[in-house]
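Position 236 of the sequence shown, counting from 1, maps to 701 under my numbering, and the rest follow consecutively. Backbone N, C-alpha and C define an ideal beta-carbon position, used for all residues, glycine too. As the structure is a prediction and not an experimental result, all values here were calculated from the model. Working notes, beginning with the structure itself.
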Amino acid sequence: MAKISIFAEPSFPANIDKIVEHLNRMPHYIKFRAGDMPILFAGGLINQVEADDQLPPELKAATEKDLRAILFTQRAYSDNYFYHSVGNRVIISLSDWPYLTNMPINNGIVYFIANIIAHQVNNDFRHKKTTGCIYDFKVKKRAIDLGMRNAFVCPDCLQRIFTSKLTQNQLQYLHDLRFILNDLGSASKWNEDIVDYWENSELEEVREEQEQLDDLINVADFIPDDDTYNYIDITNTTMKDLLKSYVYLMDPNLSIVNKGPALEQFAKHFFGIIKGWKLEETNHLLPDCEIDLIWDIVGGPEKLKERIKCDLIFMECKNLKSAVTARHISHFAANLITHKIRTGIFISSGGITGYNPMNWKSASKGAYKLIIDLHKSNGTAIIPFVGEDIEAVKNGANLAELLEKKCMRLHMV
Ligand SMILES: [Zn+2]
C-alpha cells in the first residue's frame with residue numbers, strides 16, 4: 466500500500482494529526498501517516514538542497530519506502546517557491562500564509578497533499594496562468610486561494626489524464642484525489658476549516674444512523690408466499706429462514722447497531738433463493754476486509770453468470786435512512802478492485818444518490834455517476850439494488866432476471 470508521511474515544524478499552526486486521521490477515514494488507497502520525528506530548519510531563508518540536508522538521517526531512512534514524505538515549514542524559500550523536492554521528500558513552505566489568503570492553514574495543508582497526489586497521477590503539464598485547476602503552477606502565490614476554493618481538475622487536464630495510459634496505481638491515486646478535492650472544495654467555498662468540516666459531517670452521519678427504523682424499506686406487509694417464489698427452486702428451509710430474517714429486520718426493538726446486520730441477514734436469505742448461489746464464509750476468505758456477503762455463483766443461473774464475469778460476487782448492505790453517497794460506493798469499489806472482483810451488488814434500503822433506473826444513460830450526479838464512471842474506467846460493475854427492487858420481487862419479478870437486466874444495462878452505458 467502506498468504511504469504518504471506528513472511532517473511539520475513544531476511551531477507550525479496546523480492540526481496535522483487530525484488531518485491525517487480524517488484522510489485515513491476516507492475511502493482511500495493511500496495510507497497517511499503523521500510523522501513523529503521533529504524537524505527544524507536553521508537560519509532565515511531556506512533553499513532546496515540545504516533544507517533537505519538538515520533533515521535527520523533517521524527521518525530519511527524511515528520514509529525511504531514512502532510514496533512521498535511531505536514536510537511543512539513556515540520559513541520562506543530564497544526563490545519564494547511553494548515547494549521543492551529531493552527524491553521522494555517534498556519540503557513545502559507556507560510562509561506568510563495570511564498575506565496569501567484568509568483560508569485556514571489546515572486547508573492549505575490538504576491542498577498541497579492533493580497537489581502532490583495530482584502530480585503522481587499525471588506530471589506532464591502545469592498551467593502557467595491562474596485557472597484554479599490543481600495543475601496550476603501558481604506563479605502568483607495568491608492563486609492558492611482560488612485553488613482551494615475551486616479544488617478541481619479542469620476539463621482539459623481531465624481529458625489529458627483519461628487519455629493517458631494510467632497504471633493501476635495511478636487509477637487508485639486518482640480515486641483518492643477525487644475524494645480529497647471534493648471535501649476541500651466543499652469546506653473552502655464557505656471559508657470553513659477542513660478539519661471542522663470533517664468533524665461536522667461525521668456528526669451528521671451519526672445522526673443519520675440514529676434515524677428511526679420507520680423510514681427503512683417499506684416492507685411491513687412483505688410476507689412472501691410460495692407463489693411469489695415459484696420460479697425458483699426453494700426448499701422450505703430457505704423460506705423459513707427468509708421469513709425469520711424478515712421478522713428480525715422488522716423488529717421495532719431493533720437497535721441502531723443491529724440495523725445493518727438485520728439487512729445483511731435478510732439479504733443472505735433473499736439472494737439465497739437464487740438456485741445454485743452459495744454463500745462463502747467472509748471471514749475465512751478475506752480476514753482483512755469488511756465485505757458483508759460473498760457469493761460463489763459458479764453453480765448459479767448460466768445467463769446471469771455470463772453477465773457477472775466472475776465466480777465470486779461481493780455484496781454490501783447499507784441500512785440507512787437516506788440514500789448512500791459516492792463515499793459509500795467508493796469504499797465498496799476499493800474492496801472490489803483490490804480483490805480483483807469484477808462485479809458487486811450494493812443493497813441500499815434508502816436508495817443510491819443520482820440513481821434513476823428508468824434512465825441509465827444520463828447519470829450525471831451522485832453515487833450513481835461514480836458507478837458509471839467506475840465501469841467505464843476499469844470495468845468494475847456495481848449493481849445497485851434498492852428498496853424498490855425488493856418490492857418488485859415481492860410483486861412477482863424474477864430476482865435472477867432482474868439482476869441480469871441490471872448487469873446488461875450497466876454494460877451498455
Ligand atoms: Zn487543468
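{"query": "Segment limits, alpha helix (DSSP H) that includes lysine 530", "result": "Neither: lysine 530 is in no alpha helix (DSSP H) and is coded neither H nor E."}
{"query": "Any heavy atom of ligand 1 nearer than 5 Å to the CB - residues listed", "result": "Cys598, Tyr600, Cys619 and Cys622"}
{"query": "Distance cut-off 7 Å: asparagine 647 Cβ against heavy atoms of ligand 2", "result": "Of the ligands this structure carries, namely ligand 1, none is ligand 2."}
{"query": "Cα-Cα separation between proline 478 and tyrosine 576, rounded to whole angstroms", "result": "16 Å"}
{"query": "Contacts around valine 763, its chain only, beta-carbon distance under 6 Å, and the 5 residues preceding and following it disregarded", "result": "Asp776"}
{"query": "Backbone CA spacing between serine 653 and threonine 566 [nearest angstrom]", "result": "11 Å"}
{"query": "Boundaries (first-last residue) of the beta strand (DSSP E) holding arginine 498", "result": "496 to 499"}
{"query": "Beta-bridge partners of arginine 554, as assigned by DSSP", "result": "Ala534 and Val551"}
{"query": "Inter-residue CB distance, arginine 807 and glycine 861 (contact presumed, cutoff 8 Å)", "result": "Not quite, the Cβ-Cβ distance comes to about 30 Å (not below 8 Å), so this is no contact."}
{"query": "Buried or exposed by the 16-neighbour rule on C-beta atoms within 10 Å, applied to methionine 568", "result": "buried"}
{"query": "Counterpart residues of histidine 592 in DSSP-defined beta bridges", "result": "Asp601"}
{"query": "Bridge partners - serine 813, DSSP secondary structure assignment", "result": "Lys783 and Val851"}
{"query": "The region 543 to 553 contacting the region 629 to 642, beta-carbon criterion three pairs below 8 Å", "result": "no"}
{"query": "Cβ pair valine 660, lysine 483 closer than 8 Å", "result": "yes"}
{"query": "The beta strand (DSSP E) enclosing alanine 473, as first and last residue numbers", "result": "468 to 473"}
{"query": "Sufficient close CB pairs (3 or more, under 8 Å) joining the region 585 to 602 to the region 619 to 626", "result": "yes"}
{"query": "Proximity of leucine 714 and phenylalanine 731 at Cβ, strictly below 8 Å", "result": "yes"}
{"query": "contact_flag[the region 846 to 863, the region 713 to 728] where n(CB pairs < 8 Å) is 3 or more", "result": "no"}
{"query": "Residues bridged to leucine 744 [DSSP beta-bridge criterion]", "result": "Trp760"}
{"query": "Close-in-space but distant-in-sequence residues of the same chain around methionine 491 (CB under 6 Å, 5 per side omitted)", "result": "Phe644"}
{"query": "DSSP-derived helix/strand/coil call for proline 522", "result": "helix"}
{"query": "The region 765 to 773 / the region 597 to 613 touching (three or more Cβ pairs under 8 Å)", "result": "no"}
{"query": "Under 8 Å between C-beta atoms of isoleucine 599 and leucine 532", "result": "no"}
{"query": "Extent of the continuous alpha helix (DSSP H) to which isoleucine 511 belongs", "result": "Element bounds for isoleucine 511: n/a, residue is neither H nor E."}
{"query": "DSSP beta-bridge partners of tyrosine 542", "result": "Ile511"}
{"query": "For alanine 479, the three-state DSSP class (helix, strand or coil)", "result": "coil"}
{"query": "Integer-rounded CB distance, given that glycine 809 should sit under 8 Å from isoleucine 778", "result": "7 Å"}
{"query": "Span of the alpha helix (DSSP H), counted from its first residue to its last, around glycine 844", "result": "Counting along the chain, glycine 844 falls outside any alpha helix (DSSP H), and DSSP gives it neither H nor E."}
{"query": "Limits of the alpha helix (DSSP H) - the one that histidine 804 falls within", "result": "Where histidine 804 is concerned, there is no enclosing alpha helix (DSSP H), given that its DSSP letter is neither H nor E."}
{"query": "Burial state of serine 842 (16 or more Cβ within 10 Å)", "result": "exposed"}
{"query": "Contact under 8 Å by Cβ, glycine 815 with alanine 846", "result": "no"}
{"query": "Spatial neighbours of alanine 857 in its chain, beta-carbon cut-off 8 Å, leaving aside the 5 residues before and after", "result": "Leu867"}
{"query": "Sequence ranges, alpha helix (DSSP H) only - wholly within the region 612 to 650, length at least 4", "result": "620 to 628"}
{"query": "Nonlocal neighbours in the same chain, by C-beta distance under 7 Å from threonine 596, ignoring five residues either side", "result": "Cys619"}
{"query": "Alpha-carbon spacing of serine 666 relative to leucine 536, whole angstroms", "result": "28 Å"}
{"query": "Cβ neighbours of serine 560 in the same chain (closer than 7 Å, five flanking residues each side left out)", "result": "Gln539, Arg540 and Ala541"}
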